[in-house]
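Chains as they are written, first to last, in our numbering: chain A, 6 to 380; chain B, 32 to 306.
Everything on this sheet refers to the single structure shown next.
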Amino acid sequence: MESKRNKMITKIIIVFIVVIVLCTYFSKTVENMLLPEVTVIQLKPGAIGEGFEGTGTVEYEDTHKIYSRQDWTVKEIEVKVNQNVKKGDVLAKVDIDQITLMEREEEEAIMELQDEINSLKKAPNPDQDKLKEDQFKLDTENIKYKEIRKGLTGDGSILSDMDGKIVNINSQNVGGFSEASEGDGSGAADSVAGNPLFEIVSSEPSLSVKWTVSSKDADEFSIGDNVNVATGDDDKNSKLTVVTATVSEKTYNAEKDEYEFSGIISDNSNLKQDDKVTVSTEASTKRYNNVIPKSCLYDEDGTDYVYEVSARSGALGEEDYVEKVQVQVGASDDLNCSIKATSDLTKGIYGIVSNASKPIEDNDEVKPIFPDSSR
Amino acid sequence: MKEKNKIVSVLEYTVLIIFAFGALFPVIYMVSNSFMGEEEVNAALQNFKFHIIPDCFTMIQYYTILIRKPDFLLRFWNSVILTVPIVIGQIGTSIFGAYAFAKIEFKFKQQIFFMFILLMIMPYQVTLVPIYIIMKKINLVGSYASVILPGIFSTFGVFLMTQFLKSIPDEQCEAAKVDGASHIQILFKIIMPQCRGAVVSLAILSFVDNWNMIEQPLILLGNEKQPLSTFLSQINNNELGMAFACGVMFMMPSIFVFLNGEKQLLQGIQHLDMK
């Protein structure tokens, strides 16, 4: 009787240990299998309606470039990007000793040629061909001599030749001076002859937006069309601004099978070069701050809901769960709609459920999947 | 006279049954509630009802803690990692200590043994601060070793084994000595085979004690390494059904250990009593 009891206890202990070990080993797998997988999307500003939407970059329409005439050694850059300059302001200083050396070398070459020409002229039977050749060389050296100081002042300064704003300092051509605040000359760098050193725009520059679209969507835009240029997409909290641009250029890139468009922006007060903007056709004029796919909406007795995904401290550790939030649907099209929520939809949540592998209810624990961004 | 005895007997049994029920009620309540759904448990509590028999028998709480919440299992293994080395270590140190006190004559033996008993009757919290300081000095705070190392050296274990070893006749050890046996040989070949019961009872008592420990892990371990004993208190009021299931799972190992060595434990306690 005693032994039978002991055997039974031993069996129960073994079963208990096996259950615990198996559960531990497979718990994560089982948990992943059982929880509904939900695709989570973020609330984004966007347009509602028919039309096309793409991403573009803002550029200055006309820029004035100041080139490096010779292979200069730039010692100091006196301006910064976005700094306003006036005509005659010093932009940079080059190594004047190097310029002087170049001038002297040229002077020496000119003097040598001059002597050679003089001695040829004094000869009883001057070689006319040689004389002509030397005269040509002399003229060339004279031109070279004049070119050495072109674009520079006497002390080796590069001056601005217009009023405006510095929009680019060509860091490749001025070596270490990517942004010119250095004035100690410690980072002298060589510029390459013929390359632009500075780009200046007028005080009220005109801006253009450039964007590309695939050849199948290219029909959405034609030269002369007005398009909407919207900023503020990248940052949820930034204010959404929309301006109009007129399509001015349309070129086909055969290599990529896409069209490159350029449009002149009418009101550029809030834009600057390299801003990323959303370009859309005028049909989708109205833009909204909270746009979601219609698949996010759940209808219950005529009331619309969305499920937002949050994290909470459960009895046994942190868990992700869904919370049902009532929303009011504003504008909508076939795919998307804009929503207004009774509570704040952007604070403390991971996003909104756009798709669930199993039916979900309020407060259900879920396994969120973030398709395009990590948490 | 016979009738009077019968009445006394009935009264005795009634009192005993009431006490037994009082002792067992929390366990019965916990086990029965662990087989109820969360809503049923909460409804009963809100209405101040002692609800013993489930309206709807369910294993959902066990399913949740064993399948859907890996955290419970991690805490369970934390408890195992802490308890098993302590039990094994405690048996080792207690046997050696007890042999010294019971079978070897040395100076100040009685005084040192008295200090052991003094330490044994002191609450654990008294030694907790020095232990924390020592562990911090040797950079062990936050590791399992900070709980395991102090746990191995138990005064109660030494006391229990000493009492048991005293019951083994000294003549056996003397005879072994005459035959040329060393202390180690005497311990392992003469003493150990006779004190299996005491070792098992020490193992059971030590296991239960350390399985239920609260203060040491709370002070010496980080959140990730907390055992089940501290984890149960973290379950909030809204998930009491789960707390009941966790409680049942938590007491299972102690019950198994007890049932497996019940006989030896009783023998060990009897020995202690005898002395």
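Every residue gets a Cβ at the ideal spot worked out from N, C-alpha and C, and that includes glycine.
Computed from a predicted model, the values in this text were never measured in an experiment.
Do G182(B) and Q247(B) come within 9 Å of each other at the CB atom, strictly closer than that value? Yes, they are a contact pair.
Measure the C-alpha to C-alpha separation of Q225(B) and I199(B) and round it to an integer number of angstroms. 8 Å
Need the endpoints of the alpha helix (DSSP H) that T261(B) sits in, please. Taken as a continuous stretch (DSSP letters only), the alpha helix (DSSP H) holding T261(B) covers L259 to F262.
Is the CB-CB distance between L97(B) and S32(A) below 9 Å? L97(B) is a Cβ neighbour of S32(A), given a cutoff of 9 Å.
Put L212(A) into one of helix, strand or coil per three-state DSSP. strand
Identify each residue in the segment 24-50 of chain A for which the Cβ-Cβ distance to at least one residue of chain B is less than 7 Å, and report them in chain order. I25, C28, T29, S32, K33, V35, E36 and L39
Under a Cβ-count criterion, where at least 16 other Cβ atoms within 10 Å of its own Cβ denotes burial, should L47(B) be classed as buried or exposed? exposed
Would you please verify whether the beta carbon of I91(B) is less than 9 Å from any beta carbon of chain A? So no, I91(B) is outside the interface.
Specify the secondary structure class of V46(B) as computed by DSSP and reduced to three states. helix
From G51(A) to V296(A), what does the alpha carbon distance come to, in whole angstroms? 6 Å
Using CA atoms only, rank isn't needed, just tell me which of S185(B), P85(B) and V111(B) is closest to P154(B). Comparing C-alpha distances from P154(B) to each of S185(B), P85(B) and V111(B) shows the shortest one belongs to S185(B).
Identify whether E42(A) lies in helix, strand or coil by the three-state DSSP scheme. strand
Assuming G169(A) contacts V84(A) under a Cβ cut-off of 8 Å, what Cβ separation, rounded to an integer in Å, is found between them? Between V84(A) and G169(A) the Cβ distance is about 11 Å, and since that is not below 8 Å, they are no contact.
Since F287(B) and L296(B) should fall inside the 8 Å C-beta cutoff, what is the C-beta to C-beta distance between them, to a whole number of angstroms? The Cβ separation is near 13 Å, so there is no contact.
Within the continuous beta strand (DSSP E) that includes A250(A), where are the two ends? T246 to N258
Identify which residue in K155(A), S219(A) and S337(A) has its Cα closest to the Cα of E260(A). S219(A)
Within chain B, the residues that S21(A) reaches when beta carbons sit closer than 7 Å: Just to set this straight, residue 21(A) is Phe in the shown sequence, not Ser. Going along chain B in sequence order, the residues near F21(A) (Cβ under 7 Å) are M283 and F287.
DSSP state of Q333(A) mapped onto helix, strand, coil: In the structure shown, Q333(A) sits in a strand (DSSP, three-state: E or B).
Comparing C-alpha positions only, which one of V58(B), S177(B) and A131(B) sits nearest to P163(B)? The question names Pro, but residue 163(B) is Tyr in the sequence shown. Nearest option by C-alpha distance: S177(B).
Y264(A), enclosing beta strand (DSSP E) - first and last residue: E263 to I270
Given L125(A) as reference, the closest of E117(A), L136(A) and I115(A) once Cα atoms are compared: Ranking the options by Cα distance to L125(A), first place goes to L136(A).
Output needed for F79(B): all residues of its chain with C-beta closer than 6 Å, excluding positions within five of it in sequence on either side, in chain order. none
Are the beta-carbon atoms belonging to V330(A) and G356(A) less than 9 Å from one another? no
Does any CB atom of chain B fall closer than 9 Å to the CB of T286(A)? no
For the segment 81-108 of chain B, which residues have a beta carbon sitting closer than 9 Å to at least one beta carbon of chain A? T95, I96, L97, I98, R99, K100, P101, D102, F103, L104, L105, R106, F107 and W108
Using a Cβ-Cβ distance cut-off of 9 Å, determine whether N291(B) contacts chain A. yes
By Cβ distance, which residues of its chain are closer than 7 Å to K92(A), with the 5 residues on each side in sequence left out? S165, D166, M167 and D168
Which whole-angstrom value describes the C-beta separation of V206(A) and V284(A), a residue pair presumed to lie in contact below a C-beta threshold of 8 Å? That belief does not hold up - the Cβ atoms of V206(A) and V284(A) are roughly 22 Å apart, past 8 Å.
Do V282(A) and V327(A) have their C-beta atoms within less than 9 Å of each other? no
Complete beta strand (DSSP E) runs within the segment 87-168 of chain A (minimum length 3 residues, chain order): 95-99 and 162-164
Rounding to the nearest angstrom, what Cα-Cα distance links Q133(A) and Q103(A) in this structure? 37 Å
By Cβ distance, which residues of its chain are closer than 8 Å to T62(A), with the 5 residues on each side in sequence left out? Result list for T62(A): V214, K215, W216, D279, D280, K281 and V282, in chain order.
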